[in-house]
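Trainee: Starting off with a structure, shown below.
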Amino acid sequence: MDKLERLMTLTATLLNTTRALTAEELREKIPGYADADASFRRQFERDKDDLREMGLPLVVEDAPGTDPPVAGYRIDRGAYYLDDPGLTADELGALHLAMSLVQLEGGVGVDGLWNLGGVVGAPAAPDAGDVVLGSEPALVTLFSAVAEHRRAAFRYKDREREVDPYRLDYQRGHWYLTGFDHSRADERVYRVDRIDGLVTLGAPGTFTPPGDTTPGARTPAWQLGEGEPMQARVLVDAGHAPWAVQAAGADAVVAEHPDGSVELELAVVDTDAFRGFVLGFLEHAEVLAPPELRADLVAWLGALR
Amino acid sequence: MSPAGAPERARRLIAIVPWVAARDGATVDEICERFQVDRRRLLDDLETLQFVGVAPYTPDLLVEVVVEDDRVWIHLPQGFDRPLRLRPDQALALLAAARGAASVHGAVDGPLGSALEKLARALGLADADAVDVDLATADPATLELLRHAVTDRRCVELDYYAFGADRRSHRVVEPHRISAFEGHWYLAAHCRQAEAERVFRVDRISGATVLDERFEPRPEVGEARPFVDVEELDAPEVVLELAPSARWVVEYHPVANVEELPDGGLRVTMPVTAEPWLGRLLVTLGPAARVVGGDPSFADLAARTASRVLGRYE
Numbered sequence: 001m002d003k004l005e006r007l008m009t010l011t012a013t014l015l016n017t018t019r020a021l022t023a024e025e026l027r028e029k030i031p032g033y034a035d036a037d038a039s040f041r042r043q044f045e046r047d048k049d050d051l052r053e054m055g056l057p058l059v060v061e062d063a064p065g066t067d068p069p070v071a072g073y074r075i076d077r078g079a080y081y082l083d084d085p086g087l088t089a090d091e092l093g094a095l096h097l098a099m100s101l102v103q104l105e106g107g108v109g110v111d112g113l114w115n116l117g118g119v120v121g122a123p124a125a126p127d128a129g130d131v132v133l134g135s136e137p138a139l140v141t142l143f144s145a146v147a148e149h150r151r152a153a154f155r156y157k158d159r160e161r162e163v164d165p166y167r168l169d170y171q172r173g174h175w176y177l178t179g180f181d182h183s184r185a186d187e188r189v190y191r192v193d194r195i196d197g198l199v200t201l202g203a204p205g206t207f208t209p210p211g212d213t214t215p216g217a218r219t220p221a222w223q224l225g226e227g228e229p230m231q232a233r234v235l236v237d238a239g240h241a242p243w244a245v246q247a248a249g250a251d252a253v254v255a256e257h258p259d260g261s262v263e264l265e266l267a268v269v270d271t272d273a274f275r276g277f278v279l280g281f282l283e284h285a286e287v288l289a290p291p292e293l294r295a296d297l298v299a300w301l302g303a304l305r
Numbered sequence: 306m307s308p309a310g311a312p313e314r315a316r317r318l319i320a321i322v323p324w325v326a327a328r329d330g331a332t333v334d335e336i337c338e339r340f341q342v343d344r345r346r347l348l349d350d351l352e353t354l355q356f357v358g359v360a361p362y363t364p365d366l367l368v369e370v371v372v373e374d375d376r377v378w379i380h381l382p383q384g385f386d387r388p389l390r391l392r393p394d395q396a397l398a399l400l401a402a403a404r405g406a407a408s409v410h411g412a413v414d415g416p417l418g419s420a421l422e423k424l425a426r427a428l429g430l431a432d433a434d435a436v437d438v439d440l441a442t443a444d445p446a447t448l449e450l451l452r453h454a455v456t457d458r459r460c461v462e463l464d465y466y467a468f469g470a471d472r473r474s475h476r477v478v479e480p481h482r483i484s485a486f487e488g489h490w491y492l493a494a495h496c497r498q499a500e501a502e503r504v505f506r507v508d509r510i511s512g513a514t515v516l517d518e519r520f521e522p523r524p525e526v527g528e529a530r531p532f533v534d535v536e537e538l539d540a541p542e543v544v545l546e547l548a549p550s551a552r553w554v555v556e557y558h559p560v561a562n563v564e565e566l567p568d569g570g571l572r573v574t575m576p577v578t579a580e581p582w583l584g585r586l587l588v589t590l591g592p593a594a595r596v597v598g599g600d601p602s603f604a605d606l607a608a609r610t611a612s613r614v615l616g617r618y619e
């Protein structure tokens, strides 16, 4: 009996049993295991690893009626089945195209599509633009936490955090987690690659995320922090206007001059971040108002001269 | 197709069984295409499937497989009647790809939009956009134009702002490859003026026109990954001492050498591809950075740059 047949039979048996089966019971039911005890043990251990790698929800619990208790195995049917999303060929094709364009670092292939109805259509031409998103070790764990509403515990900026994770956003080349930080009693945004060490998860369904979560990472840096915002006005020269508008958002534009320069109005909380933004344009931008921020910039530059 | 191990073949079969069982005679070709398997391997694995079931393996407890006239029927799937859920890494890869592709087109609509909605529901995600991907800031129209130029092998005339050099330029390039990296879109091209490969950040292209002229592809262009700015090679160096608050600099800029300082700061050696780039970094960091070595022309760069910017306020 070949290994494929044994794995399939083992899966069918574990999926169709209502009570956990011991290794010995499985050995009797499944043809193809070795007669020698040591070889059987090795085979069975490897098979269990394979089932887990395949993504099967293998449950290990005390087999009923064993005393002293012996480990028993079954597959959790509730966790096994996908609610078939019923994707059309067009939708599968669009997902296939998307996956050929955008991949996660570390390369999970398109085989997730098998479970959804298969791989349909042609991938994108390789030179027409491709993207590999960074993938931190904590990312998949945090995704499970977001999807299953599990509280996540991790270390960040030298503090232990207990966080109800609401959402994951990929912005400006990095993954960000937004969630409610219980140690700070407030909503916070974390850069996933700066999480220190392992993330441990609590039980599923321990919180209800607010209906409408804000992707915190999208907020410009000068708006972050606490305190009353100051309305600042910045003039940016014509040649630099496009990227200034891109960074600040089209809503920030309060005037467009005939020479192509623009005036932006920004709500500034973090003055360091604001100064960094304006100095990024060197002499191609000028703080017009308020006088405090203009004076701050002049003093900052004066100290360097 | 590469030779697959038994676990991968099993995972594929577990996906094939419910899909075929729900249809009245899927064709062998269609199954091969959808599940990325060659004909011989598929027929072999279907043969094996007939012996799969549960003890005591009487006919009603085995999967029933019929292959006839190049079509396949599966009855009595023995529990394999619905697909296996996705592993978290598979689900995340799918969602991230779909969200990322949608961000390129600027809208979540069409088949991709409906696929995303169905997928989020099947995965039990309460909020369909609990995972979102914004690939990069670039004008979708410029990206689209460049993508067509790459595919059609047509030259493009660019107005480009070189951020490092703080200089605007106008040039004709042969566009070879578009790629997003660390939050930005890049175009790798052969530049006709420089007669060499150049990498352009798409959001710094302020004007692009596709020309009628076609070009012969050069296999070497766009192959380096991740894209490195070619100007970094042979650049003069600066040595900076950074305060602890400015340690982030090494995450965002190329560094040739990093040493820890006793106060928690860093001493870093960096290539300087263009003076305005370093000037900008120094005036932004202010007292948190000090030039302590490297090319002598950088010693008073912070003061010179600060004076230039102050000129606007005087």
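Top to bottom, those sequences are chains S and X. Numbering-wise (our numbering), the first sequence opens with residue 1 and increments by one. Numbering-wise (our numbering), the second sequence opens with residue 306 and increments by one. Every residue gets a Cβ at the ideal spot worked out from N, C-alpha and C, and that includes glycine.
1) Mind pulling the chain S residues with CB within less than 9 angstroms of X/ALA485?
2) Please report the distance separating the alpha-carbon of X/ARG530 from that of X/ASP605.
3) When the Cα of S/ASP181 is compared with those of S/ASP196, S/VAL163 and S/GLY280, which residue comes out closest?
4) Can you have a look at S/VAL192 and say buried or exposed, based on whether 16 or more other CB atoms are within 10 angstroms of its CB?
5) For chain S, find out if any of its Cβ atoms is closer than 7 angstroms to the Cβ of X/SER612; answer yes or no.
6) Between the region 320–332 of chain X and chain S, which residues of the former have CB atoms less than 7 angstroms from a CB of the latter, in chain order?
7) Please compile the residues from chain S whose C-beta is within a distance smaller than 9 angstroms of the C-beta of X/VAL436.
8) Do you know offhand how far X/GLY527's Cα is from X/ILE510's?
9) Mind pulling the chain X residues with CB within less than 7 angstroms of S/PRO242?
10) Under 7 angstroms, Cβ to Cβ, is there at least one residue of chain X near S/ASP83?
11) Is DSSP giving X/ALA406 helix, strand or coil here?
12) Spatial neighbours of X/GLU449 within its chain, please: CB distance less than 6 angstroms, with the 5 preceding and 5 following residues excluded, ordered by chain position.
13) Mark X/ALA513 as exposed unless 16 or more other C-beta atoms lie within 10 angstroms of its C-beta, in which case mark it buried.
14) Taking three-plus beta-carbon pairs below 8 angstroms as touching, is the region 60–69 of chain S in contact with the region 11–20 of chain S?
15) With DSSP as the reference, label X/PRO576 as helix, strand or coil.
16) Counting only runs that start and end within the region 189–257 of chain S, where is the alpha helix (DSSP H) found for 4 or more residues in a row?
17) So what's S/ASP90 in DSSP terms, helix, strand or just coil?
18) Roughly how many angstroms lie between the CA atoms of X/MET575 and X/VAL544, to the nearest whole one?
19) Which residues of the region 594–618 of chain X have a Cβ closer than 8 angstroms to any Cβ of chain S? Give them in chain order.
20) Can you tell me which of S/ALA23, S/ASP50 and S/ASP251 puts its alpha carbon nearest to the alpha carbon of S/ASP37?
21) Are the C-beta of X/PHE532 and some C-beta of chain S separated by less than 7 angstroms?
22) For X/VAL614, which residues from the same chain have a beta carbon less than 8 angstroms from its beta carbon, with the 5 sequence-adjacent residues on both sides left out?
23) Can you tell me where the alpha helix (DSSP H) holding X/HIS453 begins and where it ends?
24) Are any of the Cβ atoms in chain X nearer than 7 angstroms to that of S/GLY276?
25) Report yes or no: is there a C-beta of chain S within less than 7 angstroms of the C-beta of X/VAL554?
26) DSSP puts X/PRO382 in a beta bridge; with which residues?
27) Against S/TYR307, what residues of chain X qualify as contacts under a CB-to-CB distance less than 8 angstroms, listed in chain order?
28) Comparing the C-beta of S/THR13 with each C-beta of chain X, is any distance below 7 angstroms?
29) Check each residue of the region 279–292 of chain S: if its Cβ is closer than 7 angstroms to any Cβ of chain X, include it; give the result in chain order.
30) Kindly indicate if chain X contains any beta-carbon less than 7 angstroms away from that of S/ASP230.
31) With a CB to CB cut of under 6 angstroms and the five nearest residues on each side skipped, what residues in its chain are close to X/ASP600?
32) Comparing alpha-carbon positions, which option in X/THR447, X/ALA309, X/ARG339 and X/ALA311 lies nearest X/ILE321?
33) Compare the C-beta of X/ALA470 against all C-beta atoms of chain S and say whether one is closer than 7 angstroms.
34) Return the bridge partner residues of S/PRO165 from the DSSP annotation.
35) Do the region 418–431 of chain X and the region 77–94 of chain S make contact, defined as three or more Cβ pairs closer than 8 angstroms?
36) Considering only the alpha carbon of each residue, which of X/ARG503, X/ASP517 and X/GLU518 lies closest to X/GLU525?
Mentor: The structure says:
1) VAL102, GLY129, ASP130, VAL131, VAL132, LEU133 and GLY173
2) In this predicted model, X/ARG530 has a pLDDT of only 48, less than 50, meaning its place in the structure is not dependable enough to derive any value.
3) S/VAL163
4) buried
5) yes
6) ALA320 and TRP324
7) PHE143, VAL146, ALA147, ARG167, LEU168, ASP169 and TYR170
8) 18 angstroms
9) SER511
10) yes
11) helix
12) none
13) buried
14) yes
15) strand
16) 241–248
17) helix
18) 7 angstroms
19) ALA607, ALA608, THR610, ALA611, SER612, ARG613, VAL614, LEU615, GLY616, ARG617 and TYR618
20) S/ALA23
21) Note on X/PHE532: pLDDT 49, under 50, position unreliable in the model; no value is reported.
22) VAL588
23) 445–457
24) yes
25) no
26) Beta-bridge pairing links X/PRO382 to no other residue.
27) Beyond the ends of chain S as shown, which are 1 and 305, falls residue 307 of chain S; an answer cannot be given.
28) yes
29) LEU279, GLY280, LEU282, GLU283 and GLU286
30) For the sequence presented, residue 230 of chain S should be read as Met rather than Asp. No, S/MET230 does not count as interfacial toward chain X.
31) PRO541
32) X/ARG339
33) no
34) S/GLY179
35) yes
36) X/ARG503
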